[in-house]
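Participant: Starting off with a structure, shown below.
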Amino acid sequence: GAGVSQTPSNKVTEKGKYVELRCDPISGHTALYWYRQSLGQGPEFLIYFQGTGAADDSGLPNDRFFAVRPEGSVSTLKIQRTERGDSAVYLCASSPGSGEQFFGPGTRLTVL
Amino acid sequence: GENVEQHPSTLSVQEGDSAVIKCTYSDSASNYFPWYKQELGKRPQLIIDIRSNVGEKKDQRIAVTLNKTAKHFSLHITETQPEDSAVYFCAASWNSGYSTLTFGKGTMLLVSP
């Protein structure tokens, strides 16, 4: 079946701009996670949804970052006033609730 | 919060040798420990996981062991092949149902033919 998909695969933007990153989870998976991966590091947790609500947003670095999942399926990660330090690969994962998390291919964000 | 340490950062082996990657965790409440393989530019792929109610799990050439007392777990790959070359990440979470994962920094495994 179809895995987790993310769009766009690459996003180049200028400092100060607004970006949206999209995640389509595996159908039927109730949990959705966002992680950020910098070069040479493991993924770092940002925010997690159970259904439509954010169950844990403790990983969001500041209030420029926001995510939504209005219908309990697709999620959008939104970054306002982007900074060069936001450059990273943003990974989305979904889970059926048994613990396993399945990752998407990521969106590589570059802030110039 | 949870902290996961992973060693070594790089590991080079000859084809056919075994490879062992070790991780330690800090939160004794953690009870789910997955391992991911990530090839360059690709998504992390779940290759094996273990829960705290077992000490060892094996899947063909891959095995994972868990020592809850010492708070460490290890990935063992036998009969390594060039296609095993990748970055491997260990992770831990405190709820094997719904919970965020804390990852180690990764081990780059290079298998030479």
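Here the protein sequences line up with chains C and W, keeping their order.
For the first sequence, the numbering used here gives the first residue as 1, with consecutive numbering after it.
For the second sequence, the numbering used here gives the first residue as 1001, with consecutive numbering after it.
Glycine included, each C-beta is placed from N, C-alpha and C at the ideal position.
Which first and last residues belong to the beta strand (DSSP E) in which W:N1003 is found?
Facilitator: Unbroken run through W:N1003: none, as it is neither H nor E.
Participant: Using C-beta distances below 6 angstroms, list every residue in its chain close to W:K1057, excluding the 5 sequence neighbours before and after it, in chain order.
Facilitator: Here the set comprises I1050, V1064.
Participant: Rounded to the nearest angstrom, what separates C:L109 and W:G1016 at their Cα positions?
Facilitator: Cα to Cα, the separation comes out at about 38 angstroms.
Participant: Is C:L91 near W:P1044, with beta carbons less than 9 angstroms apart?
Facilitator: Cβ atoms of C:L91 and W:P1044: closer than 9 angstroms.
Participant: Using three-state DSSP, classify W:G1106 as helix, strand or coil.
Facilitator: Residue state, collapsed to three classes: coil.
Participant: Interface residues of chain W around C:F103 at Cβ under 7 angstroms?
Facilitator: Under the 7 angstroms cutoff, chain W gives R1043, P1044.
Participant: Which residue's Cα is closest to the Cα of C:S38: C:S73, C:I79, C:G97, C:G85?
Facilitator: If we check each option's Cα against that of C:S38, C:G85 comes out closest.
Participant: Between the alpha carbons of W:V1111 and W:N1067, how many angstroms are there, rounded?
Facilitator: Taking the straight line from one Cα to the other gives about 27 angstroms.
Participant: Between which residues of its own chain and C:K78 is the CB-CB distance below 6 angstroms, once the five residues before and five after are set aside?
Facilitator: E20, F66.
Participant: Any Cβ of chain C within less than 9 angstroms of the Cβ of W:N1095?
Facilitator: Chain C contact via Cβ: present.
Participant: W:G1104 versus chain C: which residues are under 8 angstroms apart at the beta carbon?
Facilitator: Under the 8 angstroms cutoff, chain C gives G42.
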